[in-house]
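Beneath this line is the structure, given in structure tokens, with notes to follow.
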Amino acid sequence: MSGDSFRNRKNGFTTMEGGQMPKSKKSAGKIAGIIIAAFVVLLLVLNSTYEIKEQEQAVLITLGQATPVTEPGLHFKIPFIQQVKKVNTTIQGFSIGYNTGDNSVNEDESLMITSDFNFIDVDFYVEYRYSDPVKALYASKDPLKILRNISQSCIRTVIGSYPVDDVLTTGKNEIQASIKEMILDRLEEQDIGIQLVNITIQDSEPPTTEVMEAFKAVETAKQGKETALNNANKYRNEQLPSAQAKADGIIKDAEAKRTERINEATAQVARFNAMYEEYIKNPEITKQRMFYEAMEEVLPDLKVIIESPNGDVQTIYPIESFTGNSGTTGSTNNSASSESSAENN
11 MSGDSFRNRK
21 NGFTTMEGGQ
31 MPKSKKSAGK
41 IAGIIIAAFV
51 VLLLVLNSTY
61 EIKEQEQAVL
71 ITLGQATPVT
81 EPGLHFKIPF
91 IQQVKKVNTT
101 IQGFSIGYNT
111 GDNSVNEDES
121 LMITSDFNFI
131 DVDFYVEYRY
141 SDPVKALYAS
151 KDPLKILRNI
161 SQSCIRTVIG
171 SYPVDDVLTT
181 GKNEIQASIK
191 EMILDRLEEQ
201 DIGIQLVNIT
211 IQDSEPPTTE
221 VMEAFKAVET
231 AKQGKETALN
241 NANKYRNEQL
251 PSAQAKADGI
261 IKDAEAKRTE
271 RINEATAQVA
281 RFNAMYEEYI
291 KNPEITKQRM
301 FYEAMEEVLP
311 DLKVIIESPN
321 GDVQTIYPIE
331 SFTGNSGTTG
341 STNNSASSES
351 SAENN
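Heads up: the sequence shown is residues 11 to 355, going by the numbering used here.
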């Protein structure tokens, strides 16, 4: 046996005629090829599918062309040719004027000036969501930074148009609405695929303790004013029904008196008309009767003496008999005390 044959056998190889490879080397090559092929297939399978969750949207990029994918679930793509970028579409938020981690104040963002030239610290919280994933990824480099800058600009513009009392107390809702409307208009102009959901004032206070105490005193005075107004309104509401009832009673009494006076005047007019009709018929008799009625009112005890033509016989009558009222005949002594007499012609 030659030396080369011995060395080949020692190394586990057998010399083949015609220069063929050893069997053990060919088996190792096949195994390596199978492993590589399996790895490539697995890599292709893993890179051919992607999943979109409910709170996500995706952008499918095919050779530089971006296409939005909004349907949740499992989707397919061409490996190494198509790429997928996902965007979170849930409502998110960030703070302006303070740090959400430790609630520390960021004076560079919170310190502002009002229309009456007062300084004030105002904190805001901005809520947003991505409305267009393609524009959110490619319309700008950093849409969130743009939204923050727009929000700060609009906040300072609106705060600068209101007095400090409105910012601290009663004008917060109106200020929030104005800021939100302004930000929406600016975002519509920019068109960067991000949408403002809401913006709220978290806190507003003067920058120093002395000014804060002064504003608290003003607020206490305003609350006292509101309390006094409420008490006054309560007293008014309690007194109005009784006053209204008294007024209604006075009005009803006046209407009753008016009706009574009208009826009385109507009766007097009817009486006068009747008397006038009698006067037209017999003027002298009517005058005489009116005279007797007047004398009856002035001298209720007056008696009328009627004498005969020769003066021998005297007849005494009470004046009521001439006025139509019932009465009794008086004595001669009573008639002697009378101060007036009438003579019948």
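C-beta: ideal position from N, C-alpha, C; glycine also.
All figures in this text were calculated on a predicted structure; none of them were measured in a lab.
Legend entry - Nearest-angstrom Cα separation, counted from S161 out to L147: 20 Å
Inset, instruction - Closer than 7 Å by C-beta to A264: which residues in its own chain qualify, once you throw out the five before and the five after it? Chain order, please. - result: none
Inset, instruction - Starting from the C-beta of T77, find all residues in its chain whose C-beta is less than 6 Å away, skip the five residues before and the five after it, and write them out in chain order. - result: L70
Inset, instruction - Please list the segments of the alpha helix (DSSP H) lying wholly inside the region 170 to 244, counting only runs of 4 or more residues, in order along the chain. - result: 174 to 178, 182 to 200
Inset, instruction - Leaving aside the five residues before and after N208 along the sequence, list all residues of the same chain whose C-beta is less than 6 Å from its C-beta, in chain order. - result: E137
Inset, instruction - Give the DSSP-derived three-state secondary structure of Q65 in the structure shown. - result: coil
Inset, instruction - Measure the alpha-carbon distance for K226 versus N128 and round it to whole angstroms. - result: 15 Å
Inset, instruction - Please list, in chain order, all residues of the same chain as S105 whose beta carbon is under 6 Å from its beta carbon, the five residues on each side excluded. - result: Y135
Inset, instruction - Note down the Cα distance separating Q99 from E236, rounded to an integer number of angstroms. - result: The sequence shown places Thr at residue 99, not Gln. The alpha-carbon atoms of T99 and E236 are separated by roughly 45 Å.
Inset, instruction - Would you mind reading off the limits of the beta strand (DSSP E) that contains P78? - result: 75 to 79
Legend entry - Inter-stretch contact at 8 Å, needing at least 3 Cβ pairs: the region 194 to 210 / the region 152 to 171: yes
Legend entry - Segment contact flag, the region 162 to 172 with the region 184 to 199, C-beta cutoff 8 Å, min 3 pairs: yes
Legend entry - Which residues DSSP lists as bridging Y108, in chain order: V115
Inset, instruction - Measure from the alpha carbon of E191 to the alpha carbon of each residue in D213, T179, P216, I165, then state which is nearest. - result: I165
Inset, instruction - Label M122 either buried or exposed according to how many other C-beta atoms from any shown protein chain fall within 10 Å of its C-beta, with 16 as the threshold for buried. - result: buried
Legend entry - Nearest neighbour of D133, chosen from E117, L73, S125 [CA to CA]: E117
Legend entry - Where E248 sits in the DSSP three-state scheme: helix
Legend entry - Member of I62, L309, Q93 whose CA lies at the smallest distance from the CA of Q75: Q93
Legend entry - For K96: DSSP bridge partner residues: A68
Legend entry - C-beta contact flag for Y60 and V97 at 8 Å: no
Inset, instruction - For L84, name the three-state secondary structure that DSSP assigns. - result: strand
Inset, instruction - Hey, could you find the ends of the beta strand (DSSP E) L121 is sitting in? - result: 121 to 123
Legend entry - K63 to T167 span [Cα, whole Å]: 39 Å
Inset, instruction - Measure the C-alpha to C-alpha separation of I41 and I91 and round it to an integer number of angstroms. - result: 29 Å
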